[in-house]
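Numbering (our numbering), first residue to last: 34 to 400.
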Amino acid sequence: MTADVRPLDLEPVARQLEEDLLARWRDLLRTTSFIGGAEVQSFETSFARFLGAEGCVGVANGTDALVVALKALDLQPGDEVLVPAFTFFATAEAVVWAGGIPRIVDIEPQTFNLSVEDAARRIGPRTVGVIGVHLYGTPCDLEGLQSLCAAHDLWLLEDAAQAHGARYRGRCVGTFGALATWSFYPSKNLGCFGDGGAVSGMDSDRLARVRSLANHGRTAHYHHGEVGTNSRLDALQAAVLNLRLPSLVDDNRRRAELVARYREGLAAVGDLTFLQVPQGTESVYHQLPVLTGRRDDLQVHLQGLGIGTGIHYPLPLHLQPALASMSDGDARPVSERAAETNLCLPIYAQLDEAAVDRVIDAIRDFF
Ligand SMILES: Cc1ncc(COP(=O)(O)O)c(C=O)c1O
C-alpha cells in the first residue's frame, strides 16, 4: 500500500528543524525575550536584506499586515481600494476592517492576477489605491499597476502573502509598492509554526509609522500619538523564520523543478492547461493550479487514489456573502470561471519525484 500524497506536508520541515529550533526556543525560555528581542530584530533585518527592501516590520499575521499598512497609507472611512476578485478573502476583508470599501476587479485569464484594464474601468472619485496580489507566487503586472497608479494618483500596496522570493524584472516583489505585506502562515513558502506576518517597504518613515501602529500607536512608553493596535511578530515564530529563511531560495528552486516535471508529464492531456508565468517574472509556485472543465470529477478521482488536492479559491470575492452589501452586481466572468476550473496539485519543496509521477499517472489515467 503506497502512502497518500498530501497537498502539503509540513512534517518533514518540522523534523528537519527540530533540534536547532529547540535550542533557540530553550534560549528564549532562559532569556524570557518573548516579545521583540534579538530573534525578531534579526529576522526583520535578514528579510529586508533578502528582499532588497529598506526595512521590514514583523506583525502578528498577514491580515494584520494589510490592515496596518492600509492605516499607514492614511486610508480614510469610505475610501475605495481596488482589489482582485480572485484572492484569499483577507485582501478585501482588511480594506473593510481599516474603514474602506473594496472595489472588486476581474483578473487576467493567463495568470489569474488582477487585470489592469478592468482596474482602470473601476476607478472612481473615492478611489485611493490598489492592492496587487501576487497570486500563487507569480508577480502581478507591477509595471502596468505602477503606470495606472501614477496616472490616477493612487498608491500601490503589494499583497505578497504567497510570493516570498518571487521576482519581477530581477527584483524581489515586496519592493515595488508604497508598502508590501507578508504572511508567514505555516503553509506559505516561508512559513512559521503558528501565525506571523510582516510589512516591507522602501520608505523608512512610512515603515516607522507601521511599527508604531502595530504597537498601539505608541511614541514612547505609555505615550500614544495615534490609535493603533497590538500586532507583533512573536519571538518563538521569529526563531522559526530565522532558521527557514536561509533555505528559501533552494526551496523555491525545488518547487520550480517539480513544476517543470508536472508540466512535462501533463502536456496535452485532456483539456488540462496551466497558468502562464509572464516573461521577466519568476514565480515561486506557492500553488500549482491546473485548469479543467472536469475539475470536480478529477478531484474525486484523485482522492480515491489517495492524492489530495486543493481548490484555491471556490468563490470569488464579489460573490462572497460578507461583501454583498458592497456589491455593484457586476459579473467578473474570468474570476467566476477560475473558481470553477482550478485544481491545485500537491507542491512543496520536500515532495519527491515519485509522488509527482504518481499524480501525473493518475491524472493521465483519468483523461
Ligand atoms: C493573498 C493573501 N493575503 C492575505 C493573507 C492573510 O494572511 P494570514 O493568514 O497570515 O492572516 C493570505 C494568507 O492566507 C493570503 O494568501
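Virtual Cβ for every residue (Gly too), placed ideally from N, Cα, C.
Distance between Leu212 and Val178 (C-alpha atoms, nearest Å)
Checking the sequence shown, residue 178 turns out to be Leu, not Val. Answer to the nearest angstrom: the Cα atoms are 14 Å apart.
Would DSSP call Gly88 helix, strand or coil?
strand
Test item: CB-CB of Leu305 and Val333 under 8 Å
no
Measuring only from the beta carbon, is Phe121 closer than 7 Å to any heavy atom that is part of ligand 1?
yes
Any non-hydrogen atom of ligand 1 within 7 Å of Gln332 CB
no
State buried or exposed for Asp67, treating a residue as buried only when at least 16 other CB atoms are found within 10 Å of its CB.
Before going further, note that residue 67 is Phe rather than Asp in the sequence given. When all chains shown are included, Phe67 counts as exposed.
Identify the continuous alpha helix (DSSP H) that holds Val100 and give its terminal residues.
Gly95 to Ala105
From this set, Val302, Thr120 and Asp53, which residue's C-alpha is nearest Arg327's C-alpha?
Val302
Note down the Cα distance separating Gly230 from Trp215, rounded to an integer number of angstroms.
5 Å
Does the region 82–98 touch the region 288–297, meaning 3 or more C-beta pairs lie closer than 8 Å?
no
Looking at Asp139: is its Cβ nearer than 8 Å to the Cβ of Ser368?
yes
Within the present structure, is the beta-carbon of Val138 separated from the nearest heavy atom of ligand 1 by less than 7 Å?
no
Cutting at 7 Å between CB atoms, please list the residues of its own chain near Gly198, excluding the five before and the five after it.
Cys205, Asn222, Leu281, Val282, Asn285 and Val317
Would you kindly work out how many angstroms separate the C-alpha atoms of Lys104 and Met359, rounded to a whole number?
20 Å
Can the beta-carbon of Leu190 be found closer than 8 Å to that of Cys173?
no
Which first and last residues belong to the beta strand (DSSP E) in which Glu113 is found?
Glu113 to Pro117
Using 8 Å as the Cβ pair cut-off and three pairs as the minimum, do the region 111–124 and the region 158–175 touch?
yes
Between Ala193 and Gly207, which are expected to be in contact by the criterion C-beta below 8 Å, what is the C-beta distance as a whole number of angstroms?
5 Å
If I'm right that Thr374 touches Thr342 with Cβ under 8 Å, what's the distance once you round it to whole angstroms?
Incorrect: roughly 13 Å between the Cβ atoms, too far for contact.
Where does the unbroken beta strand (DSSP E) through Cys377 begin, and where does it stop?
Asn375 to Leu378
For Asp192, the first and last residue of its enclosing beta strand (DSSP E)
Trp188 to Asp192
Is the beta carbon of Ser264 less than 8 Å from the beta carbon of Val101?
yes
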